[in-house]
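Note that the working numbering has the sequence shown beginning at 41, numbered continuously upward.
This report refers to the structure that appears directly beneath it.
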Amino acid sequence: MDNSINASASFSLFSKWLNKAKKLFFSFNIIHIMVLAAIAFTVYKQWQHATQESSETLAFLEQPKIGDIYFLDRRKLTQDYRSKEKYRLAQLVDITGDIVTLRYGNMFYFTEQAAIDGIRYGQLRYSDYLEPKRYDYSPDELAKLLASSAIIKIKRPKHNSLYGNYTSPDTAAIKTSASDMYVPGKREHIAALSLLNNMYNEDNIERGLSLLSQSAQLGFAPAQVSLGEFYLQPSFYDSEQALYWFKQAGLQSHKPGILKYVTICKRQQGCSEINFYQQLYDAGVNIKVRQFDFELQ
């Protein structure tokens, strides 16, 4: 009988141990499954975020907008870089026809996250963050930079803000007295832009172009630039007219007109930047020309 009792007690202990082992094994499996699920979810969210950024970058490349921020990998752009200066930012500052103009930031970053942190900490708000030199790119040139991974991604600020901070220097408030001054052609220019922003209506295009032409002929330099840009649209393309109106604005010392003329002239056969600068000089326009091997007469 003692043997029978001992056997029963041993079996009872074994059963308890087995139940505990099962519970531990089951608990371990649950924890293991939860950890794997958490890892899988994290990987999925990262993949989803990367896919979304890739789609946005393609969309922003095809439909650029002034203010877009380009993340650049310097290792794909130059061999002359330091080990801790792998990444750089650039900002889209102008669009002339299909030519996009970028200005590079003057700071370099060790990681992509460091570049993001630079935006978050407000580095782009400094007035001297962007280098003065402008770089013009055609759609094909930008596509090649993206294909080579020189362009990592493009981000578009919302209300001039990205990653929780502004992406351009603080601007002083415009004085009411100055903005209310009468300037010939200004009223027509505002009305023209309002109509041309709704180009789905053919009547709006005709009326807007008429008002824009009136404003430009009255000598309003911003309207002359707008009219030049109008003639760079595919449906109304006329490079000679575009250059003409950019020049008229430039002759009034209007910087956007000068910059846009040069942007188009560089890619236009038979167009001379030197002649243009000489005409500006003769008209008394105070200009600063960088890195040109010539002297104005």
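All residues carry an ideal CB built from backbone N, CA and C; glycine is no exception.
Give every residue of the same chain whose Cβ lies closer than 6 Å to the Cβ of Val265, excluding the five residues on either side of it in the sequence, and list them in chain order. The residue you call residue 265 lines up with position 225 of the sequence shown. Take Val265, set aside five residues on each side of it, and the residues of its chain with a beta-carbon closer than 6 Å to its own are Ala289, Pro296, Gly297, in chain order.
Applying the criterion that 16 or more other CB atoms from any shown protein chain within 10 Å of the CB defines a buried residue, is Lys124 buried or exposed? Here residue 124 is taken as the residue at index 84 of the sequence shown, counted from 1. Its Cβ having fewer than 16 others within 10 Å, Lys124 is exposed.
Which of helix, strand or coil DSSP assigns to Asn205: Along the sequence shown, read from residue 1 onward, the residue named residue 205 stands at position 165. Asn205: strand per DSSP, three-state reduction.
For a test of the three-state rule: what should DSSP assign to Phe150, helix, strand or coil? The residue labelled residue 150 in the question sits at position 110 within the sequence shown. Of the three classes helix, strand and coil, the one that applies to Phe150 here is coil, per DSSP.
Can you check whether the CB of Ile304 is closer than 8 Å to the CB of Tyr317? Along the sequence shown, read from residue 1 onward, the residue named residue 317 stands at position 277. Along the sequence shown, read from residue 1 onward, the residue named residue 304 stands at position 264. The answer is no: Cβ separation not under 8 Å.
Beta carbon of Phe100: closer than 7 Å to some heavy atom of the ligand MN? Questions concerning the ligand MN fall outside what the structure shown contains, since it holds no ligand whatsoever.
With a 10 Å radius around its C-beta and 16 neighbouring C-beta atoms as the bar for buried, classify His199 as buried or exposed. The residue given as residue 199 occupies position 159 in the sequence shown. Exposed: under 16 other Cβ atoms inside 10 Å.
Contact defined as beta carbons within less than 8 Å: I believe Tyr149 pairs with Ala130. What is the distance between those atoms, to the nearest angstrom? Position 109 of the sequence shown, counted from the first residue, corresponds to residue 149. Position 90 of the sequence shown, counted from the first residue, corresponds to residue 130. The Cβ separation is near 13 Å, so there is no contact.
Which residue marks the beginning of the alpha helix (DSSP H) containing Lys193, and which one marks its end? Residue mapping note: residue 193 aligns to position 153 of the sequence shown, counting from 1. Unbroken run through Lys193 is the beta strand (DSSP E), 191-195; no alpha helix (DSSP H).
How big is the Cα-Cα spacing for Ile135 and Ser279? In the sequence shown, the residue the question calls residue 135 occupies position 95. In the sequence shown, the residue the question calls residue 279 occupies position 239. Straight-line Cα distance between these residues: approximately 15 Å.
Using a Cβ-Cβ distance under 8 Å, would Gly162 count as near chain B? As a matter of chain content, chain B is missing from the structure shown, which is built from one protein chain.
Can you tell me which of the three DSSP states Val325 falls into? Here residue 325 corresponds to residue number 285 of the sequence shown, with the count starting at 1. Of the three classes helix, strand and coil, the one that applies to Val325 here is coil, per DSSP.
Using three-state DSSP, classify Thr91 as helix, strand or coil. Within the sequence shown, numbered from 1, the residue matching residue 91 stands at position 51. Secondary structure of Thr91 (DSSP, three-state): helix.
State the CB to CB distance for the pair Leu132 and Gly107, rounded to an integer number of angstroms; the pair is presumed to be in contact (CB under 8 Å). Counted from its first residue, the sequence shown places residue 132 at position 92. Counted from its first residue, the sequence shown places residue 107 at position 67. Between Leu132 and Gly107 a beta carbon distance of about 6 Å is seen, short of the 8 Å cut, so the two are scored as contacting.
Can you find the residues in the same chain that come closer than 8 Å, C-beta to C-beta, to Val223, ignoring five residues on each side of it along the sequence? Your numbering for residue 223 matches position 183 in the sequence shown. Result list for Val223: Phe260, in chain order.
Inter-residue spacing [alpha-carbon to alpha-carbon] between Asp180 and Ser312: As a first step, residue 180 is located in the sequence shown; it is residue number 140 there, counting from the start. As a first step, residue 312 is located in the sequence shown; it is residue number 272 there, counting from the start. Roughly 24 Å separates the two Cα atoms.
With DSSP run on the structure shown, which of helix, strand or coil describes Arg307? On the sequence shown, residue 307 is found 267 positions in, with the first residue counted as 1. Of the three classes helix, strand and coil, the one that applies to Arg307 here is coil, per DSSP.
What first and last residue would you give for the beta strand (DSSP E) that runs through Gln103? Position 63 of the sequence shown, counted from the first residue, corresponds to residue 103. No beta strand (DSSP E) holds Gln103; DSSP gives it neither H nor E.
Take Tyr121 and list the residues in its own chain whose beta-carbon comes closer than 7 Å to its own, dropping the five residues that flank it on each side. What you label residue 121 is simply residue 81 of the sequence shown in a count that begins at 1. Closer than 7 Å at the Cβ level, and outside the excluded window around Tyr121, lie Arg114, Arg115.
Alpha carbon to alpha carbon, what distance is there between Leu235 and Ile214? On the sequence shown, position 174 is the one that residue 214 refers to. On the sequence shown, position 195 is the one that residue 235 refers to. Residue confidence is low: Ile214 scores 39 on pLDDT, short of 50, so the model does not pin down where it sits. Its coordinate-derived value is still stated next. Whole-angstrom Cα-Cα distance: 25 Å.
Trp285: buried (16+ other C-beta within 10 angstroms of its C-beta) or exposed? Sequence index remark: in the sequence shown, residue 285 carries index 245 (1-based). Note on Trp285: 16 or more other CB atoms within 10 angstroms of its CB, so buried under the neighbour-count rule.
DSSP on Leu258, reduced to helix/strand/coil? In the sequence shown, counting from the first residue as 1, residue 258 sits at position 218. If DSSP states are grouped into helix, strand and coil, Leu258 belongs with coil.
Assigned secondary structure, Lys295 (DSSP; H/G/I helix, E/B strand, else coil): Here the question's residue 295 lines up with position 255 in the sequence shown. Reduced to three states, the DSSP call for Lys295 is helix.
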